[in-house]
Every structure is written in C-alpha cells, then in structure tokens.
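Protein chains in written order, with the numbering used here: chain A, -13 to 269; chain B, -13 to 269; chain C, -13 to 269; chain D, -13 to 269.
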C-alpha cells in the first residue's frame, strides 16, 4: 500500500460530522438534499443565460453554473466575457433565486469573482495552482475544487488542504473525469472516488457528468449513477441550443433533456435516501 | 473523431432488438430482470463453495461464480483446483438451482470447462487471446467477455466479434475496471461504458465492482451505480471468510454484506425499471 | 514504495552474471555485440520476405523477424500465412545466415512454430497468457517476451518467471511501448525500463521502436536512444514497400532507411561500448 | 487521426529555421552545442547552492537550476526560500559565469523572478495556467515550459502558443515524464516526443531525466538516451548530499555522479553531431 502524505484538516478524522457547505440561497452540499448546479459552459449573452437559468430552475436546479473566465486549451478559442459575464450571472441567478458558481483562473481576479459569485470554482487545470488555491481560500467564499485531469485522490485532498489552511472550511470536491487511453469518451469518469472519499474526508463531493463523459447522451445515466454512488450533488451543462454553443456543445443537454434527467433523478434519489432541491418537489 | 474498425455482427445496427442471453436455470442477461452472479474468487473446497452458494442464493443471486482455473500474476500464487473445482461448482450450483459461470484460460480446456459450466468466462488478460475466443465461440456456450485491462471499447467489441463470427451469439460483456495511475483503487471502474455500449452494440453488459475497485467497502455503492447506469447484471465476489480467502479477500464481501447490498439494490433497481431475480422477490 | 511479488529465477540476485541468450547463427542477446532483429510485420510472400531479408542482412541485421500467425484486433484483418509463412521464414533466413524470431499465439502451435523458428515471440496481448508461456518455456527454445500494453515491470518479470520455471532460461524481454493518453504516437515507448530492468533482472532486454512509436520517422531516433539507454538489441519493422504492406506499413522503414539507421547506430553503439553484429563490420 | 487544434506561431512551418534560444552567458538551446542545466531541486542555503554550482560548472554545466518558489503537493512540505533563494541563485551563478533558470508559480511574482533569473521555468502543474503563461511571455524573458503531467503534445504546443502570442519567441519545451500506471518510476519519461516535436515545431526541446524517472540510478542512461533521440539539452538535479536534500533527494545525483554522466555524454554527443558546452571542452 502506498504511503499517503498526511492530511490534517481535510481528513475524515478531523471532524465528527461530515461538512455541509451551504450557499446563501439555501443550496447545500453534503445534506440529504442534493445540490444541483446547472447552466451553460460559457456565459455568452444575457439572453442565452436567462433562457438557460429559467429552464434549469423550473426543472429544480438551485445553483447556476456558467463560465465568465474560460480556460481554453487554445489561445484562439473563445476566452469568456469576463466581468460582463459575472454581472450577467449575478443578475440572472437573482431573478430565479439561484446561487452562482463560476470559475476563477487568476489570483488577481479572486476579489472580482468573489464579489459576484456565491461559490468560486477552481478548474481541473488549476488544481495544483497553489497561489490560486490560497487566494480562493482567503476570500472566505465557498470553493468548488475540481479534480485535476490526472490527479490522484491523495493529491486532490492535499490541494483541498491548501484551501482549508487559510481558515476557509467551505470546500466541495468535484469529480469530472480523468484522462484515459480510450477516446470513446472525453474523460474517464471515476465514480469510485465518491464512496472512496467518503471514507477519507469529511468534505462533500459532487460529480460533473458533462465533462466526465463529453457526450450528451451519457450525461443522464452517469448523473443517476453518481447519485447512486453517493454523490452530494451534480454539475451539469445545459444550453438552450447546444449546436450553437461557444464551447462544449456536444456535451450539453437541452433544457428538455435536463428536465427528463431531473424527473428520473427524483425517483432514484429517493431509493438511496436523498432528495432533490425543494423547487423540484413543488414542480 | 477516431475512425473505428468496422463491426459487423456486434454492432447495434446488426439487430433490431437487443440480445438477451439466457442460461438454462432461467438467469437472463439483457432482460428487465438483472443477472446476479456471485461467489468466491477461487473455488477452495466443497465446504467453502457451499457456504457461499447457499448464502448468495438466499440473498437472490441466480448465477454462481468461482474460479477453478485461476490466472495469477505470479506462478507461485494459488493456481486453482482445476477439474475438481469445476465439479464442485456444478454440484453446488445444482443444489441451489443456480447456473455456473467460470473462467477458461486455455483453448485446450474449453471442452472440459464447457462440460461443467453454463457460461464460459474469458478474463481480462485473455480478451485478445484470439485462439481462446474462437474456441469459446465454437463451444456454443454463452460467453462472458471481460474487458482487457487497457482495452478500448473498440478493441473490446472486436474481440466479441471473434466469438460471434463462430456462429455463437450468446456473448455478454463485462466491465471490470481499467488500469489507472491512481493506486487508491485496484482498477478504475469505467461505468460510462455501460450507456456507451448500449448505443454501439446489441450485446448485454454486466459490471464487476469487486475487481473494478479492489476494495470491499466500495463494492456496494459501485454495484448500485452500475445498475443506475443501465447495467444488465453484476458479478460480485463473496466469501464466507474474506480474511482467509486464497485470493482477492480484500475485495470480497461477506455473505451478510452481500445480503445488505441486495436489499438496497432491490429499491434502486425498481427506480430505474429493473428487477432482481425471482428468488429474491420470494425472500 | 509498492511491495513487489517475490521473483526467484528472474531476479538479478539469482545469478552472478547477466544472462546471454545465443541463437544458433551466433546472434546474441546480452553480449557486447547487439542483436539486430529486422524484417516485415507480416510475411506476405516468398518474394517480399526475400527482398526484406536480403536488404536487412546487407545492413547488418542478424535475426529475421516476421509474422506468420498474426494477432489482429479485428477478425476481418489479415491473419497471416500460418505454416507457409513459417516455411518462408526458415528458407529465407537460412539463405542469409540469419536466425528467425516469430510469434506464436496458441499453445497448440508451439511445436509447429518451434520446428521452424530459432526463437519464439510472445506478443504483448499474450504476456499473461499463462498456458502459452508454459508451453513456450517447455519447448526449450529461446523466447522473446514482449511487455503487455499496460503491464507493470513487476507483472512482466513474473510472466518471465513462468517461462523460467519450466527450466528454460533463454528469455529475452522486449519493450514495445505502453498504452498512453496521447494519440500522437501509437504507444508510449518506455525506455526507462531498460536501465531499470538491468537492476532487477539478469535477463537481456531489447527494444521495438516500430511498435513503440507507430511512426516510421521516429524509429531511427528511438532506436539510437534505446541503445544509448543500454538495450541489448532492437526489433525493427522493415518492408520493401511500406505503402503496400499488409499490416503496419506506417511504422515500417524502407530498406534504405534501415541502412541509414544502421550506419548511425554503429557510431552511437561504439560511444556506449557496444558493437553491431559482425556482418555489418564487414560491410 | 485526431484533428489537431491549429497552431500558428509554434508550428514548424511558421519559420524557415529552427529557433535557437540564447541566454546572456552564451548558453544556447537548439544549437549544436547542448544546454546543460544542473543544480539542486530546491535552493536551501548559499553554501549548498555554491557547492552545487561549483561542481556542476566544473563538469561542464552552463545553466544553474534551482527552486526558490517550490510547488509542493502538500502544504506542509518545504515551500522554498522565495526572494532570498532568487538572490542566492543570481550571486552564485554569476560567480561561475552560469545562467539561472528557476520556476515562477504566480503571475504576481513574474517581475520579481525575472529581475533575478535569465530564464523563467513554468512547471508541469502550471502548463495550462494561462494567466501565468501570458505574464511570463510578457516579461520578455526566455521561458522553459515543462510538459504537464498528462498533457498531450497538442496541448503542450498550444500552451507554448500562449507565450508566443505575447510577442516573446524565446520558448524552450521541457519533457519531464508523464503519469503512468507503473509505480516503478516516478513518471514515464516520453522520449519519443523529442523527435516528434522536431517535426511539429521550430522550438527547442530539453529533457529532465531527474523528474522523468525519479530514480538517481536511471538519470545517466536516460540523459544519454535523450541526447541520442535529439534533445537540445538537459535539466539534471544535482545535490552535494542527496540524502539530506529538502526535496527530491532520491532522484538527485551527487556531484561525482554528475561528472561521470558528463564524461559519457561527451562521447555520445559527438556520435550524434552535438557538443557539450565549451567549459567542458576546456576541462
């Protein structure tokens, strides 16, 4: 067995109870009620974002996701709307009583993003960007820490430890697939980490089946599987018109497909003792 | 997008309906009712096997799994009981109305194994052992084809094609985890292939969460996740005394743990339109 | 540090001197003089094989490689000429004083292949085909054991142990690349295993830069690198007309390219205390 | 074949000649004379650094490497001396006529590091830290861009493109191993990228066999192999007392071992038409 680096703050043994990370609109990660984060990959316009938010809200999502600062493999790809995108996210989410989670790429932008968002997302490429982890931690905002594309669970938890060390204990881990030798899917979604992490840490864990598979048709079954495995929530890309999306259209659900997913998720969640957010129950 | 080798017989388009592989005791792979294969990694003795079979039968399993010919990384590890193990499997399974699935390693042993078993298992190490695939196909017996440890979905389906070409269409695919860079789990269980294969082939797919994780504590959540993702059945290692098992004890469930898994699986299966085998319903 | 399975016969400590595997034509693996195995991926005809053998012999190769039984991912791909291919190999190699190394896929074919070849090749797909390893070992012939596509060094050495246990100590290990996440090359050639194995085992190690890269342009630099790292020989695919090859044309060198490689290899080998086979020195 | 993102500035076709990146002390990357970067993993003290620099200079190294800002998996590991470390690097390198390459982790530190170093290193963890790439590019300093731990060649070149887009064309690529399933080595050193990159880009490529293997005993053979494969230089960890090193002691050479490596490298380099830096020739 491999010797692990010692965890202190993130270790399961560091707390009696598992951590529940709560956002101001009531969304919670780690509670019986799941956190459902949905929205477009990139914020493209106020109209696109509103169409998306309205639809996912009606289907029961309680956190609006969307990228304003986009990390793109190519410098020639769409880099996001920046501050305007953040403003659209805030305004739109408020319209529907949703919280906002959005990515921050640069420690110099943490204060700006934190002034608009309810939760800062650290992307897979930045999982070991230690200055960014520290800056995000020091903001005091809840942080969603995505797993690096080839990060071990040990490395991921130590990255979380960097955030926790700043005194900020509102950290949510997000599994989004790891790099694989098989190009049939964009990444290899590693759902085993969900129950594995439950034994190693008190932090909540969500799953992103959109990046985890890269194929729209696989998002629903893998979302169901994630909740069956014990995930505390989901991060799902939804776009009103995937074919025209500025990024990741091939893995985005339409609002209708998302609605179907949420319907099926309700039954499955009940079978494993979880609930969808209240908005859904009312629907 | 990568150009695939053309599939003929295994392709989804080769058949109108999805294939259902039925064993003589009524166990079916690909039907609404799941196939639940359970038993020890290795057949060690008549007593060990009976204790195991009795327990998993009572919990609702309808196929007895167990290795008589064991492929072991080290030549100094237990290599299995061979023909005596096959006899124990047949006798024990008949006692409880179960079918037998067991591995065959050598084309020269196919007739022998086929004379005792209801289903031949081709292990991960032999997924591209083409003489063995042909011999298993020619036996006319149902074949469970495990995915190679680093096989792409394309390669796996082409391996199935070797079996189908012999005129034997009773092939079940088994996902059992692929090799990973992270040693936290023994393998990386790739559940995304379950819905992916549903679009590519008409063949049924089962999941082995025991080898897929290598950690007993992760077997139940990943078994639930597999069925949520659409798996047609499970392959689970159960041992009356995991600590004393001749192989794979660390990933084996006790009979009690298996019973709990089956209880939870019943509720979850119903939420996705599946059922456990009849024996369970009667329990 | 991971606990390894204990090696007995293959361990470096099992012998005072490193093993030298000698073929009947004087080719040696593990000596100061390198073993240079070259030839086509598949034996296609007597004419193709003779053109190839003549050219690689003139450039200094001392072992003729070529496949008569071909393991192919798809059952619809060319499967080799079988026994006729073996006869072509024997006749052609004898014409030029070369030895023959060729793959065997099926334990039932070991005697046949051994009756024509000087060395049996176990391919990557069969590295853990234990009945085949035992049968090859029992043949008493030298065996070239290719590394499995995702085999650890530990697993590879234990596979060699299966052969050694039969009393046959003429085993040569062949690194041919492992599976990678990057499709820029066919496989990821892992040259670090060459010096690593020198510390772990007394067995000689050769490198196959043709399968290891899958790109003809990369074969020469990686062949040089392999010898610089300490390899005891090379396995190189050469075809008189790569564009028309029945298999692996994109990674085959032309006879002229192979001649250039051998010229450069002569200088480099001298710099690390090795020599090319005598035929080359005479050229 | 996978469709690549289009490269503009980094593509081989963007320039007639291959780029040579020259540092102020005359060290050059991409010329017939190799660039030899050596030094400790971490700068620990003025004394340690001087002992190291003196020794590697005498053996022929022309660039001093050493970490002042250290990216560490665990927040509890030594994080580097920061600005004091930079000052030690500058003073020590000047004493021996060496250039300085050192890592920068944070875009806010680029100006500080650039004021002391001749070349900025972007580490594997930050290969897709786009704000850092842009800041390093805008500094105008030469940049050594290490490959990410699971980065494809395509992604790596696009990361270089971010730097080039700032108008800074002094970029050197550094292969340092990718993540593997085999824990026998720390990473899997991918030497095939050396000749592969020569066809894809005009930028020079160096190899880091210390991180690439993580095992001191493997550094020399892989350094030789790297140059045989066409590398334009090396990055080697050397420590006066590896057993007491603050980081990476197990992969550091002693000064004596480094001297032996350089002696052997001289002969090998000549065989492939390269030279060691002038200091060595004088030695």
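Beta carbons: idealized from backbone N, C-alpha and C, even for Gly.
Beta-carbon proximity of residue i to residue j, cut-off 7 Å
i, j, result
"residue 84 of chain C", "residue 50 of chain C", "yes"
"residue 161 of chain B", "residue 139 of chain B", "no"
"residue 89 of chain B", "residue 53 of chain B", "yes"
"residue 24 of chain C", "residue 7 of chain C", "no"
"residue 10 of chain B", "residue 39 of chain B", "no"
"residue 48 of chain D", "residue 241 of chain D", "no"
"residue 233 of chain C", "residue 28 of chain C", "yes"
"residue 17 of chain D", "residue 207 of chain C", "no"
Interface flag, residue i vs chain A, CB-CB below 7 Å
i, result
"residue 211 of chain B", "yes"
"residue 57 of chain D", "yes"
"residue 91 of chain D", "yes"
"residue 176 of chain B", "yes"
"residue 60 of chain D", "yes"
"residue 254 of chain B", "yes"
"residue 147 of chain D", "yes"
Three-way DSSP call (helix, strand, coil) for residue i in this model
i, result
"residue 84 of chain D", "coil"
"residue -1 of chain B", "helix"
"residue 201 of chain C", "coil"
"residue 55 of chain B", "coil"
"residue -12 of chain D", "Its pLDDT being 41, under 50, residue -12 of chain D is placed unreliably by the model, and the measurement read from it follows with that caveat. Residue -12 of chain D falls in the coil class under three-state DSSP."
"residue 72 of chain B", "helix"
"residue 270 of chain D", "Residue 270 of chain D is absent from the model: chain D starts at -13 and stops at 269."
"residue 101 of chain B", "helix"
"residue 32 of chain A", "helix"
"residue 47 of chain D", "coil"
"residue 153 of chain D", "coil"
"residue 160 of chain C", "strand"
"residue 7 of chain D", "strand"
"residue 261 of chain A", "strand"
"residue 271 of chain A", "No answer is possible for residue 271 of chain A: the residues shown for chain A start at -13 and end at 269."
"residue 25 of chain A", "strand"
"residue 251 of chain D", "helix"
Contact set between residue i and chain D, taken where Cβ atoms lie within less than 7 Å
i, result
"residue 167 of chain B", "165, 166, 167"
Interface partners of residue i on chain B, CB under 9 Å
i, result
"residue 80 of chain A", "Here the premise fails: no neighbours, minimum Cβ distance about 34 Å."
Short CB-CB distance (under 7 Å) between residue i and chain B
i, result
"residue 107 of chain C", "no"
"residue 143 of chain C", "no"
"residue 182 of chain A", "yes"
"residue 159 of chain C", "no"
Proximity test, residue i beta-carbon vs the ligand NAD heavy atom, cut-off 6 Å
i, result
"residue -7 of chain C", "The ligand NAD is not among the ligands present in this structure, which contains no ligands whatsoever."
Proximal residues of chain B, C-beta to C-beta of residue i below 8 Å
i, result
"residue 185 of chain A", "203"
Per-residue contacts from residue i into chain C (C-beta, under 7 Å)
i, result
"residue 173 of chain B", "Ordered by position in chain C, no residue passes the 7 Å Cβ test against residue 173 of chain B, which lies about 11 Å from the chain."
Contact list for residue i against chain A, beta-carbon separation under 7 Å
i, result
"residue 216 of chain B", "207"
Cutoff 7 Å: residue i Cβ touching any chain D Cβ
i, result
"residue -7 of chain C", "no"
"residue 191 of chain C", "no"
Closer than 7 Å to chain C by CB, residue i
i, result
"residue 257 of chain D", "yes"
"residue 31 of chain D", "no"
"residue 251 of chain B", "no"
Residue i: contacting residues in chain D (beta-carbon distance under 8 Å)
i, result
"residue 136 of chain C", "167"
Neighbour list for residue i in chain A, Cβ cutoff strictly below 9 Å
i, result
"residue 116 of chain D", "57, 58, 61, 65, 91, 92, 111"
"residue 199 of chain B", "178, 181, 182"
Neighbour flag for residue i against chain E, beta carbons, 7 Å
i, result
"residue 72 of chain C", "Absence of chain E from the displayed structure is noted, the protein chains being A, B, C and D."
Runs of alpha helix (DSSP H) wholly within the region 104 to 148 of chain C (minimum 4 residues, chain order): If only complete runs of 4 or more residues are kept, the region 104 to 148 of chain C shows the alpha helix (DSSP H) at 116 to 124, in order along the chain.
- prompt: At which residue ranges does the region 162 to 194 of chain D contain complete alpha helix (DSSP H) runs of 4 or more residues, listed in the order of the chain?
  reply: DSSP runs (the alpha helix (DSSP H)) wholly in the region 162 to 194 of chain D: 179 to 186.
task: Can you check the region 209 to 233 of chain D for any beta strand (DSSP E) of at least 3 residues that lies completely inside it and give the ranges in chain order?
output: With a minimum length of 3 residues, the unbroken runs of beta strand (DSSP E) contained wholly in the region 209 to 233 of chain D fall at 219 to 223.
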